[in-house]
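*Asks:*
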Amino acid sequence: MRYILILFVLVSFQNIHAQERYLTQFYGSPITLDPSLTGNFEGNYRINLAYRNQWSNTFENPFSVFQGSVDLNFNLGLKSQKVHDIASAGIYFAHDKAGILSFGNTEMGVTGAYHKALGPNQFLSGGLYLSLNQRNSNFTNVTFEDQFNGEDGYTAPTAEQLAENNFAFFDQGIGVNYSNYQVNQHGYNVGIAIAHLSRPEASFYKRDPDAESEVLSFRLPIKYTVHGGGRVILDDYMSLFPRAMYQKQGVYDMATVGLTLKTDVYFWSIHTGVFARGAGVNNKYNFDSAGFLLGLEYNNWQVGLSYDIGFPSITYYSRNQGTFEVTLSYFGLYINDDLLCPTF
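If you read the sequence shown in this note's numbering, its first letter stands for residue 5, the second for the next number, and so on.
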C-alpha cells in the first residue's frame with residue numbers, strides 16, 4: 005500500500021509540474037516571466053498583482069495562483085544625458101495550490117537586471133533571479149485500507165508511513181531581453197529566460213530516510229521561455245499589441261499567442277484582446293484553450309480581466325473548464341507613454 009501512495013504522490017506531483025504556474029496575461033507579471041524584465045518600464049517603481057483560478061467547474065480543489073511583485077529603477081548617468089543605462093531590482097512572492105492533497109508551492113525571490121542603452125529608445129537587458137521555494141501537501145484527505153472501522157467508514161488510524169509533507173529548496177534563473185519602443189511609434193521587444201538552472205530536487209519521498217530507490221527522486225527540468233511583443237500604431241487613438249510566449253520544460257511544451265486592441269477614450273484607455281493556447285507532451289500538440297481580455301488604464305493604474313475557455317476535445321479534465329484571471333499594476337512617478345514592453 006505504501007508504494008501505491010508513493011506512485012500516487014509522484015503522479016500527482018508530475019501532473020502539477022506539467023501545470024507549472026503561468027498566466028494568460030503573462031506580461032501582467034513581468035519579473036516572474038523573465039527576470040530581465042525587472043524595471044523594464046518608464047517610471048521609478050512598479051507594483052504588480054495577479055490572481056488566477058483554474059478548473060473551478062471541474063475540480064473541488066481547483067488550481068489557483070497568486071503572485072505579487074515590486075520592482076525599482078535606478079538611472080545610471082547624469083540627468084542631462086538623453087541616453088543612459090538603468091539598473092533595476094525587484095522582489096516577488098508567488099503561491100499556487102491544487103488537488104485533493106492541496107499540493108502547494110510558495111516562492112519568494114529577488115530579481116536584478118541591467119538595461120544597457122543602445123540608443124535613445126533601444127535597450128539590451130540581462131537579468132537573474134534567486135528564490136526560496138517551499139513545497140507542501142496535506143495527507144488528511146487520504147485514506148487507507150487499514151483505516152476501515154468494519155462498519156461505516158474509514159475512521160481508524162493508519163499504520164502507513166507517509167512522506168514528509170513540507171520541504172524547501174533554492175532556485176535560480178537568468179534572462180535576456182531586447183526592446184525598441186519610441187513615443188507614439190511602432191515598437192517591439194523579444195526575450196528568452198531560463199529557469200531552474202541547478203535542477204533542484206523537488207520530490208517529497210526523496211527526503212524520506214527509508215527511501216533508497218532513485219526512482220523516488222524528482223529534479224525539476226530546466227524551463228525555457230521565449231517571449232515577444234509589439235506595438236502597432238493605428239491612429240491617434242488606437243493601437244494593436246501582438247504578443248506571444250513559448251515554454252518548454254522536459255517533455256512538456258506550451259505556446260500562447262494573443263492580440264490586444266488599445267483604445268484611448270478621454271482620460272481612459274480600454275484594452276480588449278483574445279488569446280489562444282496550445283499544449284503538448286512528447287511533441288504531440290493540441291489546441292488547449294482560448295482567452296478573452298478586458299483591461300482598463302487610468303493615470304498610473306492598470307487592471308486586466310481575462311477568462312479562458314477550455315476545449316472538451318482535448319481531455320476529460322478540460323470539459324467545462326473555466327479559468328478566471330485578474331491583474332493589477334501601478335506605476336510610480338510615471339513619466340510618459342514610452343513603455344519598454346507591453347503591460348498585459
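Backbone N, C-alpha and C fix where the C-beta goes; we use that ideal spot for every residue, glycine too.
(1) May I have the straight-line CA-CA distance separating G234 from D240, to the nearest angstrom?
(2) Run through DSSP, which three-state label would L201 get?
(3) Count the other CB atoms within 10 Å of the CB of L392; is the residue buried (16 or more) or exposed (fewer)?
(4) Quick check: what's the CA-CA separation for Y334 versus G32?
(5) Run the CB neighbour count on E205, radius 10 Å, all protein chains shown included, and call it buried at 16 or more, exposed below.
(6) Kindly indicate which three-state DSSP category P392 falls into: helix, strand or coil?
(7) Can you name, in chain order, every residue of its own chain whose Cβ lies under 6 Å from the Cβ of M112, other than the five neighbours on each side?
(8) Going along the chain, which residues of its own chain have a beta-carbon closer than 8 Å to the beta-carbon of I198, five neighbours each way excluded?
(9) From T42 to G299, what does the alpha carbon distance come to, in whole angstroms?
(10) D257 and A294: beta carbons closer than 9 Å?
(11) Looking only at DSSP bridge pairs, what is H275 linked to?
(12) Put Y185 into one of helix, strand or coil per three-state DSSP.
(13) Which same chain residues end up closer than 6 Å to R223 when comparing Cβ atoms and leaving out the 5 residues on each side of it in sequence?
(14) Please classify F335: does DSSP put it in a helix, a strand, or coil?
(15) Suppose you measure from the CA of V74 to the CA of Y49; what does that come to, to the nearest Å?
(16) By a C-beta neighbour count over all protein chains shown, 10 Å radius and 16 as the cutoff for buried, is N287 buried or exposed?
(17) Could you say which of V236, I274, H275 and V285 lies nearest to V255 if we only look at CA atoms?
(18) Go through its chain and collect everything with a Cβ distance to A248's Cβ below 6 Å, but skip five positions before and after it.
*Replies:* For this structure:
(1) 17 Å
(2) coil
(3) Beyond the ends of the chain as shown, which are 5 and 348, falls residue 392; an answer cannot be given.
(4) 11 Å
(5) exposed
(6) Nothing can be reported for residue 392, as the shown portion of the chain is limited to 5 through 348.
(7) F97 and L136
(8) G177, I178, G179, I226, K227, Y228 and T229
(9) 22 Å
(10) no
(11) K266 and G299
(12) coil
(13) R203 and E205
(14) strand
(15) 7 Å
(16) exposed
(17) V285
(18) G232 and V261
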